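Reading through the structure tokens given below for one structure.
Numbering (the working numbering), first residue to last: 150 to 407.
What follows is the structure in structure tokens.
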């Protein structure tokens, strides 16, 4: 599979306060996108998590807005009046990441929207697998659009890569943060989902996902690995975690029973 590449033509507005300052932007294909910047917060590692988490979700049949690479020209943003945004755009020249903007979508409200146990179990499984700490009651990172649930914002997943030490141990974490997942109370079909998802994902599928990572995002300061070696580590992490899914499934079930 391949992701399209668009060129950002217009910065419209920042979407929320915070360190990452994602923005609503328009691209040369005429569509609007939620743009995530390589110059923000955790830099390219957040973009890597967005790509891997989003594409894996799509492979598993979950709804995710179209994911694209987004080019920022070197001159883009020089006319921005806000100095913080101007700096962000300047530090983000080159290849960034974006999600198609779902116009009119509403933030998922667990008190107002019913989700069946099967879908809830799929999303909990995904987030436990990719170690996504950011799908909680405080920040659900899900949208309701055309009466369907859409997943967004996977930049907090794969948190092992911020230190990138002892990834083998990180691959085998039971992921205790799953206790805070907004959909955990509804996720009563984890064993069935685990069986189904392990049939969908396999080393070859995961290799296709990891190979989407641009080499440009894998040139890390202070790390001696080549881009291909970093891809191999991500692939090994995903394969090891999948083979040992009982660790995080049992952790999730334990917290459901509490």
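Virtual Cβ for every residue (Gly too), placed ideally from N, Cα, C. Since the model is a prediction, treat every value here as computed from it, not as a measurement.
Counting only beta-carbon atoms, is residue 247 nearer than 9 Å to chain B? Absent from the structure is chain B; it holds one protein chain and no more.
Per DSSP, what kind of secondary structure is residue 462 in: helix, strand or coil? The first residue shown for the chain is 150 and the last is 407, placing residue 462 beyond what the model contains.
Work out the CA separation of residue 183 and residue 171 for me, nearest whole Å. Here the C-alpha atom of residue 171 lies approximately 7 Å from the C-alpha atom of residue 183.
Grab me the residues of residue 251's own chain with a C-beta within less than 7 Å of its C-beta, minus the 5 sequence neighbours each way, in chain order. So the list reads 214, 292, 294 and 299, once near-sequence residues are dropped.
Which value, in whole angstroms, describes the spacing of the CA atoms of residue 177 and residue 309? The alpha-carbon atoms of residue 177 and residue 309 are separated by roughly 35 Å.
Below 9 Å between beta carbons: does that hold for residue 203 and residue 240? Taking 9 Å as the Cβ cut-off, residue 203 and residue 240 do not qualify as a contacting pair.
Residue from 264, 256, 307 and 201 whose Cα sits closest to the Cα of residue 287: Put simply, of 264, 256, 307 and 201 the residue whose alpha carbon is nearest the alpha carbon of residue 287 is 256.
Which residue's Cα is closest to the Cα of residue 362: 164, 244, 174 and 158? Closest option to residue 362, Cα to Cα, is 244.
Please state whether the Cβ-Cβ distance between residue 282 and residue 248 is less than 9 Å. No, the pair does not count as a contact, with Cβ atoms beyond the cut-off.
Just reading off the beta strand (DSSP E) that residue 163 is part of, what are its end residues? DSSP places residue 163 inside the beta strand (DSSP E), whose first and last residues are 154-163.
Is any heavy atom of the ligand HEM found at a distance shorter than 8 Å from the C-beta of residue 154? With respect to small molecules bound, the structure shown includes none, and the ligand HEM cannot be examined in it.
Alpha helix (DSSP H) segment containing residue 404, residue limits: Residue 404 -> alpha helix (DSSP H) spans 394-406.
Find out if the Cβ-Cβ distance for the pair residue 398, residue 260 is shorter than 9 Å. In this structure, residue 398 sits away from residue 260, with a CB-CB distance that is not shorter than 9 Å.
For residue 179 and residue 236, the rounded distance between their alpha carbons: Their Cα atoms are separated by approximately 25 Å.
Using the Cα positions of residue 296 and residue 326, report the straight-line distance between them to the nearest angstrom. Within the model, the alpha-carbon separation for residue 296 versus residue 326 is close to 29 Å.
Residue 335: which of 246, 153, 210 and 406 sits nearest, CA to CA? Closest option to residue 335, Cα to Cα, is 406.
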